[in-house]
Amino acid sequence: MPTEFLYGVEVVLNGLMAGVLYALVALGFVLIFKASGIFNYAQGVLALFAALTLVGIMEGQVPFAHLINAIFGTEIHHFGWHVPAVLAILLTAAVMVLLAWCVHNFVFRHLVGQEPIILFMATIGLAYFLEGVGDLMWGSDIKTLDVGLPQGASFWLEENTAFLGGEDFYGFFIDKLDMVATLVAALLVIALVLFSQYTKQGRAMRAVADDHQAALSVGISLNFIWVLVWSLAGFVALVAGIMWGAKSGVQFSLSLIALKALPVLMLGGFTSIPGAIVGGLIIGVGEKLFEFLIGAPYLGGATENWFAYVLALIFLVFRPQGLFGEKIIERV
Amino acid sequence: MLYREAGDFKTSYQDDSQTFPIKFDRYRYYAVLAIAFGVIPFLINDYWASSILVPFLIYSIAAIGLNILTGYCGQVSLGTGGFMAVGAYACYKLMTAFPDVSIAIHVVLAGGITALVGMAFGLPSLRIKGFYLAVATLAAQFFLVWLFNKVSWFYNYSASGQITAPDRFVLGYQVTGAETTAVAKYMICLVFLTVCAVIARNLTRGTLGRTWMSIRDMDIAAEIIGVNPLKAKLTAFGWSSFFIGIAGALFFAVYLGAVEVGEAFGIQKSFLVLFMIIIGGLGSIFGSFAGAAFMVLLPVVLKVIGVDLFGFPTDIVAHFQLVIVGGLIILFLVAEPHGLAQLWRVAKEKLRLWPFPY
Amino acid sequence: ELVIPDLSYRTGPYAAGGIPFSDGYQDYFTLLNERDGGIGGEPIRLIECETGYNTEKGVECYESTKGEGALVYQPLSTGITYQLIPKTEADGIPLHTMGYGRTSAANGAVFRNVFNYPANYWDGASVIVNYLLEENGGSLEGKSIALLYHNSAYGKEPIRTLEALSEIHGYDLSQLAVDHPGQEQKSQWLQIRRERPDYVVMWGWGVMNQVAVQEAANIGFPMENFIGNWWAGAEHDVTPAGAAADGYKSLNMNRINPDLPVFDDIREHVVDAGMAAGDGSNVGSVLYTRGMYAAMLAAEAIETAQEIHGVSAITPAMMRDGMEALEVTEATMEEWGAPGVGPAFEVTCADHGGSGMGIIQQWDAEAGQFVALTDYIESDSSVIDPLVEEDSMAYAAENGVEPGCN
Amino acid sequence: MKDTVDPYVTEDGRQIGGVLMEMKNITLRFGGVVAIKDISFDIREGEVRAIIGPNGAGKSSMLNVISGFYNPQEGEVFYKGEKRPPMRPYQVARLGIARTFQNIALFDGMSVLDNIMTGRLNHMKAGMWKQAIWKGAAEREETENREAVEKVIDFLEIQAIRKTPVGRLPYGLKKRVELARALSAEPSLLLLDEPMAGMNVEEKEDMSRFILDVNDEFGTTIALIEHDMGVVMDLSDRVVVMDYGKKIGDGTPDEVRNNQEVIDAYLGVSHD
Amino acid sequence: MLDATTETDTVLEVNNIEVIYNHVILVLKGVSLSVPKGGITALLGGNGAGKTTTLKAVSNLLHSERGEVTKGNIRYNGERIQDLGPEEVVKRGVIQVMEGRHCFEHLTVEENLLTGAYTRGDGRGAVSADLEMVYDYFPRLKERRGSQAGYTSGGEQQMVAIGRALMSRPETILLDEPSMGLAPQLVEQIFGIVKRLNEEQGVTFLLAEQNTNVALRFAHKGYILENGRVVMDGPAKDLLENPDVKEFYLGVSEEGRRSFRDVRSYRRRKRWLA
Ligand SMILES: Nc1ncnc2c1ncn2[C@@H]1O[C@H](COP(=O)(O)OP(=O)(O)OP(=O)(O)O)[C@@H](O)[C@H]1O
Ligand SMILES: Nc1ncnc2c1ncn2[C@@H]1O[C@H](COP(=O)(O)OP(=O)(O)OP(=O)(O)O)[C@@H](O)[C@H]1O
Ligand SMILES: [Mg+2]
Ligand SMILES: [Mg+2]
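Chains as they are written, first to last, in the working numbering: chain Y, 1 to 332; chain W, 1 to 358; chain U, 1 to 406; chain Z, 1 to 272; chain H, 1 to 274.
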């Protein structure tokens, strides 16, 4: 088999895995958009906040230590304990639920029925706010997140595929972390799809998305539904934060992964949970393959940022609601 | 009755459709202009020019531009940064290619070039709507930034990839380059802003404005009524980009003097300008000013209060700044989702009725 | 009173790098105030201004502090530097861009107020190549080097130098751009894995560094063949990858030595006195040391200026003179309590760029610190000087500057 | 119908001309749903033509076909004697066809006046540049058109709400503004989709008055969908009855009223 | 079923409420209603009279439109309900069918109906029994159960909206303009169903309508609202006989129904507006 082809396959495989990671972030967007029509720009910051909190809890950091020290002239930093990963994840999830409650009650509850762009704006405000609070709470240095996920190449795969290409080929490279992410993402998606299609709350969630007023009128508690979806989105953000944080450390830039998720959303449709995954895969493969075949050799590389968007854009021209998005009902 | 409308009769439709139908408003408008042109230039110093006034004026132009597209025509765009970059690079190329032509002309031409680019990126808007379009405009943002970064022709093959504005003069006053005085910077931006604002106002109050607004409010109905959606959207993209391009050109040439595309015209810029128009008020020229003022002033005010007044560590202040800016945005939206302009309108309405509550 | 502004960034995407640098910069001045009562009897006033690594905020900081009599700016961002070069020239305030900013500012005949000693990017690139030459017995013929760079003006700086050097030394140079912020580098690293270059040189910043180190570990690239520049060689760049980062190398313009006597002074007079800019945990780290080193150079220049002009409360113009007459020797560094922290060098009007020397350090994951591998390595001035000359003259021509020393 | 194209004068003295628009064998499908099944009918110049039928019969879809919003899979549309090629809605509007909508489609963010002014888009010719300058051509044109619009405003008696944002208006007034918007285009064919839904008798009377006046004074041809049989019977010259996409009746109000199929499918009880 | 002549319990009481939108627009200027249990009460009045606002005030949906009740109070079974959340009001058995249908466009017809049962906690069995009941009342919906509500016709959507409300097993339904845009046959049918529900299940209705004729035919009691004030009220029969009502709301004069063609020749003004 020609090695060039095998490398192409490798690129595709890695693109798929990268796509799953994008999709993890996109999922959070979809959940909130579906249930409330809110385009939640803060999703990336939510992931950052979740990861920060997780690390903070694991390391026993004192929240707002810097602030407290600055005001009271004290020197406190750590509680001096370490929390095991599983427990810390649970605690963080609880924090995310609390956050969801706050976000809803202090912000979006007062914005019911506003135009989408206003809500979008509010989420940007929220992003700033959370970013500031996250920094104040846990400090803005880079933190190492280690919840025991495997990292590095899967040597097994590498060794067992090495024969394919003869001399020149090392075997396929796939990051173990990516494999875990894929598994987790698959589980998440299945669970979320089941939830939204077959449960009463899921149905209510979709109803709320269509018409707030009508949902109110049949007695659906918007407050409850929205706290619910924000909690879910917070949880998804936590998962995304763990996966990305394990790669790059937990730091401000984590919030920028939101930008990787947007083309995924466009492609998959803002309202479709499976769409997030499929969109992620297409974008992941597409951008990696483009960089491999055209970007790096001919265009000087670093095409990934825009390629994803342009790909999504071209796609949308033919299917304005994205691959799986709900058909836009146009009637007069 | 502090604010009167009654007794201010119009005798012709022309009077009725003027910008400030109420006398009181009209006088205030002249007063603002007089102060802007006649008083501030004598008071201004480097700090006020560079930190507050010049960015405010330039951002106002950009906000007006975006407001045309988003506020009037309803097409949410996150490509503002990219379009500003087009303006900046076009201006730079023009300035260096035709050093003898006045920079004022270059700036306008830069706006024109940006308009063309904007229209090209506006084409998909015919099919793509709402947030899908917003995200699609990010394609413009990222692509343009990448392009200006990659193709060295745009920065005249300079080693650093930065573009630096050479010294240029308008009417004998230096307006770009290090030796430019605060007054010159301020005045050239002010003139451009005034002209842009008047044009924007003219466009939005007439046929074109109504075409845009009809597309914004209900595009299907608009089309059935006889609005050609492609034309309406493209003109909106064109004019919007024109203003944004001018803002970008001034931002580069007059305000910063040197830019690197990724840093100066990154996605943050797109969000910032969007912020301005939403905080200020969508579909309102006044709102563009208010929003720009708010977003330029707020961080400075917070910094001054936090660091200089209370002496907090700068990082805590910076974090609090994020918290406060974020919090204020939310607070504003909750209090008045339609921005400062609407707040102002409601206040006027109340004043008009004052002292009666309804 | 000596006013020193500190344009720091403790927030935003690069905060992790900005915090220790700023801590070191400030703590040293605080030490001088506390221990020596300032410089030459004149107390130092620090003004910190947060830029968030944002150009516009940087300009605001500059404008708001310059009126206070600021002596020297250390903007710590290439973007802000470019803003400030014309402004500082116009205002006559010196600008010190230590190992960043506009490389050709080394030509003091053109950039009279800009100083970028002790070394610049082109020096850095050359030092790396020289180090590799040494490693390979003096020849890089047939070797391949991949440059992994941040796709920005900063990241593109070394390209010219490396290209010029590749012609001389016969190595193969491939370039891999990583777009900001650099969280996703799978493509680049798959390509590296495929092409198997002998060395990877990285011009990275921010999250890009952490991800690159992690990805290098993932594909099993030998860490000792992976060399970052001096903004890609701090503790926070390698710690997220854990033990896998062991052996990673980076360039440095100053030497890391946690046992410098000055640290004890800082701990005693500053940290324990509760006057530290940060929480004191950064003392001795790579960027803290660099920040402190920058402060030392500034303090030394102030002293020089005081000597030249015979006054203790110097003006920015005097400061410039001090910087241009700066002389750092082993003895001076000894005096600072930081022997061997940097190379010995002299600044002249023609040369604002310092010695151009650098060291290579290596990460020891177990000990959790960088260890110097080499002594100061020279850069190849025969290649760099013409480049500096060419670029600075182009600037001079474009901006109507009359080059010359007076 | 083919043979009755000669102009005639109605009892109340209105001039009915030849065929203005003719729909021939129109079929419209949405995926599996057949909204219109092979329907033909014509609209004559100057007449008030009603389309009635149960909900979901395809009435609105038929108007949408006429105004170009839907392109039928089969069939042809003749307008002013010529076959009309498939067109975008805005092109149709330029032919002089204006309409109102079943679910009010006003531009909520604009004032009443601006809404109505949009109706005159196709009468305003000043180019973009002239508008940017405003003084001169654009201003003159604005004033001229404003006068035309003011006439419509007077006619529909909505002077008082000129400057109100339409979003705040009550339903009935919105309908009236919509009518004003359509009228201001000075159309030759006016399509009204349930103009009186949600109105009480008094308001329906007002609306009827406007429709009749428009028809009478400007000679505008009107095609009208309405569920209030009283209104339909009183106002229209001829009525098309649709049911499940099919045409089940066509003729004068009296003929239709007594058509058994129509009674079964739609009226329930015979109305008088 | 309620006999209009006998006095019965008042289940819903609206006392002198004022409603303001956007802090400035005063819409209801002191409206009082009392809705008898098990009856059909019609709320009549022209456009913008404030019917919808009144209903929304009761079901507490004003909040999301930036409106608020600033004066007066609303009691349901004696309990003050104006401070409750809308879902609490639904739980107490009051549900509103909104003007203009407001279906969940992207949900299927059946899913729409099921959302109506959201507040119920009495198990799937009971819910599906009620679903069957709704299909029984509206056979047309059963045919279209699988299609997206956004694509159903106006009449079907109205049926969905009413059916959805029924799914919550309400005691009281606030029905806003059910006849709007419906074919005559369907109007009859829907009012027939309202009547049946009222008689068979004792559901109380408060009905806002423009179609005075039909409304008063089916209602027991009527209120006429003009400009945010109640201008007339009484048993439906009496209202039907009232000459003003006849003139302005029914379009009949002494000589029988007026033709819409004749309206051009005269314009009248309401006496109470003079
Ligand atoms: N865009 C569309 N996509 C799919 N189906 C549609 C679309 N528009 C209309 N339909 C279907 O076509 C049929 C006819 O709809 P139409 O709106 O024309 O009915 P109508 O006669 O106007 O009814 P009503 O009196 O309720 O307004 C309906 O079954 C409707 O569901
Ligand atoms: N959200 C709102 N903001 C401002 N004003 C409003 C709002 N909703 C309604 N109004 C105003 O309140 C008044 C009463 O409106 P309401 O909808 O209650 O009337 P209605 O009697 O139901 O009329 P219709 O028969 O047309 O439905 C109207 O004048 C309307 O303009
Ligand atoms: Mg219809
Ligand atoms: Mg109503």
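Quick reminder that beta carbons are idealized off the backbone N, C-alpha and C, glycines included. As the structure is a prediction and not an experimental result, all values here were calculated from the model.
Per the coordinates, the alpha-carbon of E184 of chain U lies some 29 angstroms from the alpha-carbon of D123 of chain U. Two segments are said to touch when three or more pairs of C-beta atoms, one from each, lie closer than 8 angstroms; by this definition the stretch 334-341 of chain W touches the stretch 281-295 of chain W. With a threshold of 16 other beta carbon atoms within 10 Å, H180 of chain U meets it and is buried.
The alpha carbon of E171 of chain H has as its nearest neighbour, out of H:V24, H:G38, H:D9 and H:E18, the alpha carbon of H:G38.
In chain order, A302, T303, N305 and W306 make up the part of chain Y whose C-beta sits under 8 angstroms from the C-beta of W146 of chain W. Of the candidates Z:M242, Z:V241, Z:F218 and Z:D243, the residue whose Cα lies closest to the Cα of R14 of chain Z is Z:F218.
The C-beta of N229 of chain U comes no closer than 8 angstroms to any C-beta of chain Y. For F104 of chain H, the closest alpha carbon among the candidates H:A219, H:Q158, H:I25 and H:V230 is that of H:Q158. DSSP places S281 of chain U in no beta strand (DSSP E); its state is neither H nor E. In its chain, beyond the 5 residues on either side, G155 have a beta carbon closer than 6 angstroms to the beta carbon of L186 of chain H. T182 of chain Y and L16 of chain Y have their C-alpha atoms spaced approximately 9 angstroms apart. Cβ-Cβ distances below 6 angstroms link M253 of chain U to G99, P118, A119, W230 and G358 in the same chain, with the five nearest sequence neighbours on each side left out; the list follows chain order. Residue burial is scored here from C-beta neighbours: L309 of chain W has fewer than 16 other C-beta atoms within 10 angstroms and is therefore classed as exposed. Using a 10 angstroms sphere on the CB of R205 of chain W, the tally of other CB atoms reaches 16 or more, which defines it as buried. Taking a C-beta distance under 8 angstroms as the contact criterion, R164 of chain H and T115 of chain H qualify as a contact pair. Contact of R345 of chain W with chain Z is not assigned, every C-beta pair being separated by 8 angstroms or more.
Inclusion of L235 of chain Z and S208 of chain Z in the CB contact set at 8 angstroms is warranted, their separation being smaller than that value.
Cβ-Cβ distances below 6 angstroms link K34 of chain Y to A209 and T271 in the same chain, with the five nearest sequence neighbours on each side left out; the list follows chain order.
Taking a 10 Å sphere around the C-beta of W129 of chain Z, we find fewer than 16 other C-beta atoms and assign the residue as exposed. In the structure shown, the three-state DSSP call for L256 of chain W is helix. The Cβ atoms of L260 of chain U and A338 of chain U lie closer than 8 angstroms to each other. At least one heavy atom of ligand 1 lies closer than 7 angstroms to the C-beta of N55 of chain Z. Between E157 of chain Z and the set Z:R176, Z:T143, Z:T164 and Z:A148, the nearest pair of CA atoms involves Z:R176. Within 9 angstroms of the CB of E402 of chain U, no CB atom of chain W is found; the nearest one sits about 14 angstroms away. The Cβ of Q96 of chain H sits closer than 8 angstroms to at least one Cβ of chain Y. For Y154 of chain U, the enclosing alpha helix (DSSP H) covers residues A153 to H169. Between A149 of chain H and T108 of chain H the beta-carbon gap is near 7 angstroms, inside 8 angstroms, which marks them as a contact. CA-CA distance, T348 of chain U to G108 of chain U, rounds to 8 angstroms. When rounded, the separation of the alpha-carbon atoms in L176 of chain U and G146 of chain H is 54 angstroms. Scanning chain U for C-beta atoms nearer than 7 angstroms to the C-beta of H319 of chain W yields T11, reported in chain order. Distance between I242 of chain Y and G30 of chain H, taken at the CA atoms: about 58 angstroms.
In the structure shown, the three-state DSSP call for V208 of chain Y is helix.
In the DSSP assignment, L78 of chain W falls outside any alpha helix (DSSP H) and carries neither an H nor an E.
Around the beta-carbon of A49 of chain H, 16 or more other beta-carbon atoms lie within 10 Å, marking it buried.
Residue environment for W363 of chain U: buried (at least 16 other C-beta atoms within 10 angstroms of its C-beta). Along the length of the stretch 88-153 of chain U, whole beta strand (DSSP E) runs at least 3 residues long occupy 144-150, reported in chain order.
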